[in-house]
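Engineer: My questions will all concern the structure given below.
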Amino acid sequence: MKTDIISIQKKLGVKADGIIGPQTLAAIKSELGIKSRPHWPSQAEVRSGKSMFGKAGDENALRSILPPYPLLYEGKEVKSIRVHRLIARHVQEALQEALAHYGHAELCRLGLNLYGGSYNYRSTSGGGALSMHAWGIALDFSPAANSYKLGAPRASLSHPDCQAWWEIWEQHGAVSLGRARNYDWMHLQFATL
Ligand SMILES: [Zn+2]
């Protein structure tokens, strides 16, 4: 059995240690074309400071991403966006997938090139607890047309033409507060509610 696993690992090009760990499993899934939606911790777990995302406000855990299409923050193009290193690949891929799906002109028409920020050591807009932004695991888009209390259909990101945008993020395990709770439609986060 162990020699079988080692020969499979050699074929997959992962470390041949005879143990089916996360790397081998990921390589097998990718070989079989199985895309599994990642599972992220809950907000409560994140706030405990004991989740995979560590403590709030840890800037060493952040990575910069070059957005695949120009993002404007308060009217100015941003060079990079900073998010937690464990979600960086997902953010990069989701933005690329959104660009491939909509094209640049349509992203601009929908306001999906208007960036409202990611990492920010602050409390939630509702007050009280720390926001998921304080861990760099939340991002905001089109903030002016999707203010905190605005619900569907007035929030622009609640419109049917944004359905694919949300599905792309959800494939990466992200949660939309708008889709889940019908407020704060600008906001998405890599933590469950
Ligand atoms: Zn937000």
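Numbering (the working numbering), first residue to last: 370 to 562. Beta carbons are placed, not taken as given, at the ideal position from N, Cα and C, and that holds for glycine. Computed from a prediction, not measured in an experiment: that's the story for all the values here.
1. Where does E446 sit, in a helix, a strand or coil, going by DSSP?
2. The alpha helix (DSSP H) with S376 in it runs from where to where?
3. Quick check on DSSP: helix, strand or coil for H453?
4. Verify whether the separation of the beta carbon atoms of G480 and F510 is less than 9 Å.
5. Rounded to whole angstroms, how far is the Cβ of G547 from the Cβ of P512, which I believe are closer than 8 Å?
6. Go ahead and pull the three-state DSSP assignment for H473.
7. Go to A396, then tell me how far its alpha helix (DSSP H) extends in each direction, as first and last residue.
8. Is there contact here, the region 458-472 with the region 525-543, by at least three beta-carbon pairs under 8 Å?
9. Within 10 angstroms of the Cβ of L562, are there 16 or more other Cβ atoms? Answer buried if so, exposed if not.
10. Buried or exposed: where does G390 fall if 16 or more other Cβ atoms within 10 Å of its Cβ makes it buried?
11. Residues with a Cβ closer than 5 Å to any heavy atom of ligand 1, in chain order?
12. Please give the ranges of any beta strand (DSSP E) in the region 395-440, keeping only runs that are unbroken, at least 3 residues long and fully inside the region.
13. Could you compute how far the alpha carbon of Q461 sits from the alpha carbon of V415?
14. Do L455 and M421 have their CB atoms nearer than 9 Å?
15. Let me check one thing: in DSSP terms, what residues is L508 bridge-paired to?
Structural biologist: Looking at the atomic coordinates:
1. Sequence index remark: in the sequence shown, residue 446 carries index 77 (1-based). Three-state result, E446: strand.
2. Reading the sequence shown from its first residue, position 7 is the one you call residue 376. Segment 371-381, the alpha helix (DSSP H) holding S376.
3. Stepping through the sequence shown from its first residue, residue 453 is reached at position 84. Strand at H453.
4. By 1-based counting over the sequence shown, the position of residue 480 is 111. By 1-based counting over the sequence shown, the position of residue 510 is 141. In contact: G480 and F510 (Cβ atoms closer than 9 Å).
5. What you label residue 547 is simply residue 178 of the sequence shown in a count that begins at 1. What you label residue 512 is simply residue 143 of the sequence shown in a count that begins at 1. Your pair G547 and P512 does not check out as a contact, with CB atoms roughly 12 Å apart and the cut at 8 Å.
6. By one-based count along the sequence shown, residue 473 stands at place 104. In the structure shown, H473 sits in a helix (DSSP, three-state: H, G or I).
7. Locating residue 396 in the sequence shown gives position 27, where the first residue counts as 1. Counting along the chain, the alpha helix (DSSP H) containing A396 begins and ends at 391-400.
8. Yes, the region 458-472 touches the region 525-543.
9. Against the sequence shown, residue 562 aligns to sequence position 193. By the neighbour-count rule (16 or more Cβ atoms within 10 Å), L562 is not buried but exposed.
10. For the purposes of this step, residue 390 is identified with residue 21 of the sequence shown, where counting begins at 1. The residue in question, G390, is exposed, as its Cβ has fewer than 16 Cβ neighbours within 10 Å.
11. A507, D509, H556
12. Listed in chain order, the complete beta strand (DSSP E) runs (minimum 3 residues) inside the region 395-440 are 431-434.
13. Start at 1 with the first residue of the sequence shown, and residue 461 comes out as number 92. Start at 1 with the first residue of the sequence shown, and residue 415 comes out as number 46. Taking the straight line joining both Cα atoms gives about 22 Å.
14. In the sequence shown, counting from the first residue as 1, residue 455 sits at position 86. In the sequence shown, counting from the first residue as 1, residue 421 sits at position 52. It is a contact, given that the beta carbons lie within the stated cut-off.
15. Start at 1 with the first residue of the sequence shown, and residue 508 comes out as number 139. Beta-bridge pairing links L508 to L557.
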